[in-house]
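Student: There's a structure below that I have some questions on.
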Amino acid sequence: MGDSMTMTHATSVDTASAPHILTIDGTSIRDIASFYDEINRVFMVGEDWQLGASLDGLDDMLYGGYGVLRGKAPAIVVWDQMDSSRIALGVEATRAYYLAKLDQPQVFKPGPIHAALARLGQGGPTYFDLVMQVFADHPNITLRAADN
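Note that the working numbering has the sequence shown beginning at 969, numbered continuously upward.
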């Protein structure tokens, strides 16, 4: 936690370009639903609606159209207890995520989901890995693990 306090000094630069410093509390992330609860708590301040449990929605939000990132504001996101979040969004949560999609064949094509499950079984990306990729695709966002 001390790391996030020292990073607040970055706000002393020109306020027009100073990044928001946001902290994700990894201890509150137990599964995919609670991950989005935490994302809403951190990023959706001032909005009268909440982001749904969707990687596409997370990606859209990080582009800066609403919430604290409105206008593509730069941000430093400090993820406290990232390792516990990695476990919570790991293989079991990812498998449950894909199996829930298979229960909705009218919405999701089963072929790609079966392929994703097969990749997961071979060490493929977990939901946590997918979240990390979404964050990596946004150059205005710097993601840091507070525990490292």
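Note that CB positions come from ideal geometry on N, CA and C, so glycine has one too.
List the residues that DSSP assigns as beta-bridge partners of Ile-1000.
Tutor: Along the sequence shown, read from residue 1 onward, the residue named residue 1000 stands at position 32. Note: Ile-1000 sits in no beta bridge, so no partner.
Student: Closest by CA to Ala-1041, which one among Arg-1063, His-1106, Ala-1113?
Tutor: Translated into the one-based positions of the sequence shown, residue 1041 becomes position 73. Minimum Cα distance to Ala-1041 is reached at His-1106.
Student: How about Leu-1067 and Tyr-1095: are their beta carbons less than 9 Å apart?
Tutor: Sequence index remark: in the sequence shown, residue 1067 carries index 99 (1-based). Sequence index remark: in the sequence shown, residue 1095 carries index 127 (1-based). 9 Å or more divides the Cβ of Leu-1067 from the Cβ of Tyr-1095.
Student: Between Gln-1018, Val-1099, Val-1075, Lys-1077, which has its C-alpha nearest Ile-1055's C-alpha?
Tutor: The count along the sequence shown starts at 1 and reaches residue 1055 at position 87. When only C-alpha atoms are compared, the closest one is Val-1099.
Student: My output table needs one value for Ala-1114: the three-state DSSP class, helix, strand or coil.
Tutor: Taking the sequence shown and counting its residues from 1, the one referred to as residue 1114 is at position 146. Here DSSP, grouped into helix, strand and coil, assigns Ala-1114 to coil.
Student: Counting only runs that start and end within the region 1011-1077, where is the beta strand (DSSP E) found for 3 or more residues in a row?
Tutor: 1043-1048
Student: Buried or exposed: which applies to Glu-1006, given that a residue is buried once 16 or more other Cβ atoms fall within 10 Å of its Cβ?
Tutor: Stepping through the sequence shown from its first residue, residue 1006 is reached at position 38. Buried is the call here.
Student: Please name the residue in Pro-987, Leu-1070, Val-1102 whose C-alpha comes closest to that of Arg-1038.
Tutor: To locate residue 1038, count along the sequence shown from 1; it is residue 70. The shortest C-alpha separation from Arg-1038 is found at Pro-987.
Student: Between the C-alpha atoms of Gly-970 and Leu-1111, what's the straight-line distance to the nearest angstrom?
Tutor: Within the sequence shown, the letter at position 2 stands for residue 970. Within the sequence shown, the letter at position 143 stands for residue 1111. Residue confidence is low: Gly-970 scores 41 on pLDDT, short of 50, so the model does not pin down where it sits. No coordinate-derived value is stated.
Student: Specify the secondary structure class of His-1106 as computed by DSSP and reduced to three states.
Tutor: For the purposes of this step, residue 1106 is taken as the residue at position 138 of the sequence shown. It is coil, neither helix nor strand.
Student: Determine the burial state of Gln-1090: buried for a count of at least 16 other Cβ atoms within 10 Å of its Cβ, exposed for fewer.
Tutor: Counting from 1 along the sequence shown, the entry for residue 1090 is found at position 122. Gln-1090 comes out exposed.
Student: Look at the alpha carbon of Ser-1046 and the alpha carbon of Thr-991, and state the distance between them as a whole number of angstroms.
Tutor: As a working note, residue 1046 is residue 78 in the sequence shown. As a working note, residue 991 is residue 23 in the sequence shown. The residue asked about is misnamed: residue 1046 is Val in this sequence, not Ser. For Val-1046 and Thr-991, the distance between alpha carbons rounds to 5 Å.
Student: May I have the straight-line CA-CA distance separating Val-1013 from Val-1036, to the nearest angstrom?
Tutor: Indexing the sequence shown from 1 puts residue 1013 at position 45. Indexing the sequence shown from 1 puts residue 1036 at position 68. Looking at the two C-alpha atoms, the distance is approximately 6 Å.
Student: Near Leu-1085, which residues of its chain fall below 6 Å by C-beta distance, leaving aside the five closest residues on each side in sequence?
Tutor: On the sequence shown, residue 1085 is found 117 positions in, with the first residue counted as 1. Within the same chain, Leu-1085 has close Cβ partners Tyr-1066.
Student: For Thr-991, which three-state DSSP category applies?
Tutor: Here the question's residue 991 lines up with position 23 in the sequence shown. Of the three classes helix, strand and coil, the one that applies to Thr-991 here is strand, per DSSP.
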